[in-house]
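Visitor: Below is one structure. I have some questions about it.
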Amino acid sequence: MHNFGKKFNGGGAVMAIEETAETVATTDAAHATEAADVETTAGAITYPTAPGYQVNVRSGPGTNHRVVKVLPYNTRVPIRCQRHGEKVSGPYGTTDIWDSIAPGQYVSDAYVRTGSDGFVTVPCG
């Protein structure tokens with residue numbers, strides 16, 4: 066067991082903050098798994114689409130925009146920028162965030178594993 070510091074509560078008593086080697090290993094493994102989902106390819110960070118889904122790519126941030134193509138299973142996508150649009154539910158929750166993967170091409174963030182419920186890059190201009 067490691068003692069990583071002490072914290073004083075309002076009454077002046079000392080509470081030790083301890084972490085076991087097992088906790089550290091579990092936390093490190095979880096972070097390694099999350100990091101493995103994000104890859105850098107030729108300078109661009111890519112994110113995996115939801116396994117078992119062929120994801121619609123639309124011309125704008127909503128299902129009212131036309132489908133410009135369909136991504137095959139197990140695709141990785143770059144996210145150039147993100148914007149708010151129509152709220153969509155998918156394997157990674159319900160969100161109104163849409164990811165721009167190329168000019169005029171958007172996928173709902175509900176189908177992309179970014180590891181975040183918020184923006185992971187800059188807002189689209």
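Each position in the sequence shown, counted from 1, maps to that position plus 65 in my numbering.
Don't be surprised by glycine CBs; every beta carbon is placed ideally from N, CA and C.
1. Closest to V187 by C-alpha separation, out of C146, R131, Y112 and P137, would be which residue?
2. Mapping DSSP to helix, strand and coil, what is D182?
3. Below 7 Å CB to CB, which residues in the same chain sit around H96 once its five sequence neighbours on both sides are set aside?
4. Residues in the same chain with beta-carbon distance under 7 Å from G155, minus the five sequence neighbours each way, listed in chain order, please.
5. Whose CA, out of P113, D161 and N139, lies closest to the CA of H149?
6. Using the three-state DSSP reduction, which class does A115 fall into: helix, strand or coil?
7. In three-state DSSP terms, what is M66?
8. Let me know the secondary structure DSSP gives Y176 once reduced to three states.
9. Where do the N-terminal and C-terminal ends of the beta strand (DSSP E) with T159 fall, by residue?
Guide: The structure says:
1. Within the sequence shown, the letter at position 122 stands for residue 187. Ranking the options by Cα distance to V187, first place goes to C146.
2. Numbered from 1 along the sequence shown, position 117 holds the residue referred to as residue 182. Of the three classes helix, strand and coil, the one that applies to D182 here is coil, per DSSP.
3. Here the question's residue 96 lines up with position 31 in the sequence shown. The predicted model places H96 with a pLDDT of 43, which falls under 50 and marks its position as unreliable, so this point remains unresolved.
4. Residue 155 sits at position 90 when you count from the first residue of the sequence shown. Counting only Cβ-Cβ distances below 7 Å, and skipping sequence neighbours, we find A115, S173, A175 and Y176.
5. Numbered from 1 along the sequence shown, position 84 holds the residue referred to as residue 149. Comparing Cα-Cα distances from H149 to each of P113, D161 and N139, the minimum goes to D161.
6. Position 50 of the sequence shown, counting from 1, holds the residue named residue 115. Three-state result, A115: coil.
7. Your numbering for residue 66 matches position 1 in the sequence shown. Summary for M66: the model assigns pLDDT 44, below 50, so the residue's position carries little reliability, and this model does not support an answer.
8. Start at 1 with the first residue of the sequence shown, and residue 176 comes out as number 111. Here DSSP, grouped into helix, strand and coil, assigns Y176 to helix.
9. Within the sequence shown, the letter at position 94 stands for residue 159. G158 to A167 is the span of the beta strand (DSSP E), which, as asked, contains T159.
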